[in-house]
Amino acid sequence: MREVYLDYSATTPVKKEVLDAMLPYFTQEFGNPSSLYRKGRESRAALEKARKQVADLIGANDREIFFTSGGTESDNWAVKGVAFANKSKGNHIITTKIEHHALLHTCEYLEENGFEVTYLDVDKYGKIDLNDFENAIRDTTILVSIIFANNEIGTIQPIKEIGEITRKRGIIFHTDAVQALGNVDINVNEMNIDLLSMSAHKIYGPKGIGALYVNRKVKLPNFMHGGAQEYKRRAGTENVTGIIGFGKAAELAKESLHEHIKKVTDLRNYFIQSVMEKIDEVTLNGHPTDRLPGNINMTFAYVEGETILLYLDVHGISASSGSACSSSSFQASHVLQAIGIPLENALSSIRFTVGDFTTKEDLDYVVETLMVITDKYRSISPFYKKKG
Amino acid sequence: MREVYLDYSATTPVKKEVLDAMLPYFTQEFGNPSSLYRKGRESRAALEKARKQVADLIGANDREIFFTSGGTESDNWAVKGVAFANKSKGNHIITTKIEHHALLHTCEYLEENGFEVTYLDVDKYGKIDLNDFENAIRDTTILVSIIFANNEIGTIQPIKEIGEITRKRGIIFHTDAVQALGNVDINVNEMNIDLLSMSAHKIYGPKGIGALYVNRKVKLPNFMHGGAQEYKRRAGTENVTGIIGFGKAAELAKESLHEHIKKVTDLRNYFIQSVMEKIDEVTLNGHPTDRLPGNINMTFAYVEGETILLYLDVHGISASSGSACSSSSFQASHVLQAIGIPLENALSSIRFTVGDFTTKEDLDYVVETLMVITDKYRSISPFYKKKG
Amino acid sequence: MGNNMFNDKVIEHFMNPHNAGEMENPDAEGTIGSPVCGDIMQIFLKIEDNIIKDVKFKTFGCGSAIASSSVATDMIKGKTIEEALKVTNKQVIEELGGLPSQKVHCSVLSEQAIKTAIYNYAKEHNLEFEGLKGFDPNYDPHDHHDE
Amino acid sequence: MGNNMFNDKVIEHFMNPHNAGEMENPDAEGTIGSPVCGDIMQIFLKIEDNIIKDVKFKTFGCGSAIASSSVATDMIKGKTIEEALKVTNKQVIEELGGLPSQKVHCSVLSEQAIKTAIYNYAKEHNLEFEGLKGFDPNYDPHDHHDE
Ligand SMILES: Cc1ncc(COP(=O)(O)O)c(C=O)c1O
Ligand SMILES: Cc1ncc(COP(=O)(O)O)c(C=O)c1O
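Residue numbers (the numbering used here), protein chains in the order written: chain P, -18 to 369; chain W, -18 to 369; chain S, -5 to 141; chain H, -5 to 141.
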């Protein structure tokens, strides 16, 4: 059976070059980078090289990159850190209704601890309104945290414009760029970003490693207390192989960014067009153009999403209902609700994300399978009335 | 040149069997374990198998094991979690003067946030006094956190006895078992341990992965907010390869625990005896018998530690001045100070830790090198007066 | 397909559900569930002389909801109404060879859908059935089984 | 030895330090540093006609302290006192071919140890040297260079 993986936004395979870069550091050059002897220095050198590679992908200085255990830790660190450090200045945070759970649940935790959070609405394409945003700013606003590109519908926010406003108003600006990284041109300086969350396993690196960019002007208290690692900013023996893998993945991502964007955008558009042509009553969710190159989010009216996913799975196709973290409890996603999709449609929505190893033949196979699914299960749907 | 690694307490190489277990999950079975399709289920199954393997090593139930990014995160989570969750009951924590920085700095953070911490003294061998400990308990004591085995001098605490006291008094008991794991027989139930920190890279697993054992009766708030991973207790896409490596390492550690302890203890004793025979004015720090099987901590009077380390390094030998996290700033360790070692001696102390790949020939070479070092640099030490 | 959430029998019923589709002029109809829960099940019955002569279902729901409907409808076809009312979600699960715990509610839904159809039939024809005692079609099985 | 913190010259001076050891009846002696900082350096001088005829050092300290002492003592041997006082830690570092930033204080220590010995000599013989102006042997170089 053909196997087609269309869930690159959930996680990516580790590229061969990335794994090759990591391998010597498991069994041979396994030294602790904090150690002074040769084995330790080898690890440290590799780690600092990786820091540079990651920094280069977002136009940062390498001393502004701190490795973490993933996007979630980066989000937790950034948002809790800024909040608690600036308590005396104010208790107001602005974010959006379509953040990843790593951010939303962190904000909820802060609300339980005396902070006030404004969750900005988004339009039907998933974009925030810059006027709404400016109006939401208060004297007590200490942090703005807005997702760079959404993980479910792929919509890209006007990050540069947001950064101009926050810089002008002197408010710290964090963005969760876990999905944007390697898929969008990012420059933290040009975009006035103060803090930016990254995760390696979304860009063909290993799982369990991420980073937080911290602009040198931002004072951020530590989240993980302990040893003096990461220039005393993030304790814990460094995940050396993970960091090296992240570095290599970042290097590859930078080298082929525009090629990657072009290739993946083409595949995405091919798929959308093909589905639209061949299947009735399908809608595309998210922004028509300002979306992640690889993201397709579609509603297949009248057929429940889990049914679609199961049928695809039986046919070797991996897709998802939105974010992987919630996929074991199929519920209408908060993102689809925020863009105003009716509940039944939200429950009939599927996310396909294409990536570097996707082919048009794969996509043809998926479209064929989707035709069978919609035919078969619409006919037994209590909502469906055949047209014509 | 011969290469001799004697810093197994800083980190261990990944064993071949461990790496082999991990490899398929980087590039092939790379699915997100939260995903419902086959690739996700494969990862999940491997992850749950690893959870069982780790649980088995400490006599726990697998539903009581939560994977983290390492020992540091486990310590942070346990101590901050218990503290903040039990604020209404009391604000007093008991720990020791010889904890790892992951615990000490976490306690300092809590002190800044309204908690009171008692740091128990230890005797000249590094052991706490059980009477002192009982006397330190107050009505407001909400947590006892005592390191199972110390990372610098290897001293093992009377954990079972501590557990009896905390259980009787209804106080939550956490132990940092990062060094003890795989080196000491651990049974969380028999020892009445409520929370226990672990790290894979100390037992021939990969870096950047650890776990916290949480007794099912203990209510511990989340530290990392976000997705529903780890039974909703620890958010973030799971470090699947890391977890699998940890699981395999735990399995190997359990299988060969007694054999490993015997072999490594023999090597340790061989080394101690050999140094004592051949070099004057050397003292062993820590407990003569209740110490980690692989730990040797010695003072080479009159020669500064960094000099010893550099000379060893030039001769291919990796050893350390104590904990790896502080080794880039050579300072008298808080642990050696706590056991009452005079400052100059503390600065002349070196930790050698032997492990599964150490041979007697390696140790002979190290002893020879140490003889040269002490000869050479004592003669130019301003403190040294030759005997006789 | 290693490590499947679902066994082959569930998959088979999901892929080729029995008794799925429309029924012209049913004697009884029952719908349960709501899109909020993500599952809706509709049952149509042909009843003659107290016997379920034919049954069809429609489902907007996940794979196990469809598979549950498929076996549940098989199980009641040809049975008397009282017999049909005795079909429990446990039996549906057994017949399916097991369901993952988070999918047990789907089997409850098929049991409830059948009862709802018979409840409506009883009301219309002024009948009473022992097996309907205490049954409330407005009961939401999701309240019980979700965490 | 790839990625070494230290270059080969530092290692060479560390492994085979010049002018290390005791001196019988020195004309001047100076000690600086304290075990609290982990570094102590002791300098012995033989001085004749204002010229440093011989020099020895003892050090309890890290490798770069030993290497610094080794080159610093080489640098002042045969020099006049005023010339010796002009030797700076920068020159010591240059002579060593560089030191990692966290080890710069070691080179300061050797400069200070030489000055201390000459300071003691000047006091004993009631001499004044231009190069000692503002020099205070109780100054602790660690205060400046540690983070
Ligand atoms: C937008 C976004 N933020 C944060 C995360 C969390 O990253 P991680 O799973 O690496 O912790 C993810 C993916 O899981 C994501 O898509
Ligand atoms: C006793 C002890 N606790 C905690 C840690 C921290 O573990 P990790 O470096 O995996 O975060 C270590 C080792 O570094 C340790 O030896």
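Using N, Cα and C, we set each Cβ at its ideal position, and we do this for glycine too.
- Taking a C-beta distance under 9 Å as the contact criterion, alanine 282/P and phenylalanine 333/P do not qualify as a contact pair.
- For ligand 1, residues qualifying as neighbours are Gly51/P, Gly52/P, Thr53/P, His81/P, Ala83/P, Asn132/P, Asp157/P, Val159/P, Gln160/P, Ser180/P, Gly217/W, Thr218/W, where qualification means a beta carbon closer than 5 Å to at least one of its heavy atoms (chain order).
- The beta carbon of alanine 192/W sits no closer than 8 Å to any heavy atom of ligand 2.
- Annotation: isoleucine 108/H to asparagine 168/P spans about 52 Å, alpha carbon to alpha carbon.
- For glycine 151/W, not one C-beta of chain P is nearer than 9 Å to its own C-beta.
- Any Cβ of chain W closer than 9 Å to the Cβ of lysine 109/H would place that residue at the interface, and such an atom is absent.
- Per the coordinates, the alpha-carbon of tyrosine -14/P lies some 56 Å from the alpha-carbon of glycine 57/H.
- Around the beta-carbon of methionine 257/W, fewer than 16 other beta-carbon atoms lie within 10 Å, marking it exposed.
- Within the same chain, and ignoring the five residues on either side of glycine 336/P in sequence, the residues whose Cβ sits closer than 7 Å to its Cβ are Tyr(-11), Thr(-7), Val245, Gly275.
- Within chain S, not a single residue places a beta-carbon under 8 Å from that of phenylalanine 281/P; the smallest gap is close to 12 Å.
- Per the C-alpha coordinates, the member of Leu91/W, Pro5/W, Leu193/W positioned closest to alanine 158/W is Leu193/W.
- Listed in chain order, the non-local C-beta contacts of asparagine 83/H below 6 Å within the same chain comprise Ser101, Val102, Glu105, local neighbours out to five positions each way being set aside.
- For asparagine 276/P, the uninterrupted beta strand (DSSP E) run begins and ends at 276 to 281, by DSSP.
- Under the Cβ distance rule, threonine -8/P counts among the residues neighbouring chain W, one pair being separated by less than 9 Å.
- Chain S has a Cβ within less than 9 Å of the Cβ of threonine 288/P.
- Taking 8 Å as the Cβ-Cβ cut-off, the region 238 to 267 of chain P has no residue approaching chain W.
- CA-to-CA, the gap between alanine 231/P and lysine -3/W works out to about 27 Å.
- If you compare the alpha carbons of Pro94/S, Asp43/S, Glu122/S, Ala59/S with that of proline 11/S, the shortest gap goes to Ala59/S.
- In this structure glycine 151/P is exposed. Its beta-carbon is surrounded by fewer than 16 other beta-carbon atoms within 10 angstroms.
- Residue contact with chain S for alanine 300/P: absent (no Cβ-Cβ distance below 9 Å to any residue of chain S).
- Per DSSP, the beta-bridge partners of lysine 50/S are Phe38/S.
- Chain S places no beta carbon closer than 9 Å to that of serine 314/P, leaving this residue out of the contacts.
- When Tyr106/P, Ser330/P, Ile74/P, Phe338/P are compared, the shortest CA-CA separation from asparagine 94/P is found for Ile74/P.
- One alpha carbon belongs to glutamate 97/W, the other to glycine 207/P, and they sit about 19 Å apart.
- In this structure, DSSP gives leucine 28/P a helical state, which the three-state scheme calls helix.
- Annotation: aspartate 110/P has no Cβ neighbours in chain W at a cutoff of 8 Å; minimum Cβ distance is about 26 Å.
- Using a CB distance cut-off of 9 Å, arginine 359/W does not count as an interface residue toward chain P.
- Here DSSP, grouped into helix, strand and coil, assigns valine 284/P to coil.
- Going by beta carbons, valine 316/P and isoleucine 134/P fall inside the 9 Å limit.
- Within the same chain, and ignoring the five residues on either side of arginine 119/W in sequence, the residues whose Cβ sits closer than 6 Å to its Cβ are His73.
- Secondary-structure assignment with DSSP links serine 301/W through a beta bridge to Arg332/W.
- Within the region 218 to 296 of chain P, complete beta strand (DSSP E) segments of at least 3 residues are found at 263 to 265, 276 to 281, given in chain order.
- Valine 347/W: member of the alpha helix (DSSP H) spanning 341 to 359, first to last residue.
- Leucine 293/W and valine 65/H have their C-alpha atoms some 22 Å from each other.
- Rounded to the nearest angstrom, the Cβ distance from proline 202/P to glycine 40/P is 25 Å, too far for a contact under 8 Å.
- Looking at Thr99/P, Leu248/P, Tyr6/P, Ser330/P, the one whose alpha-carbon comes closest to that of valine 125/P is Thr99/P.
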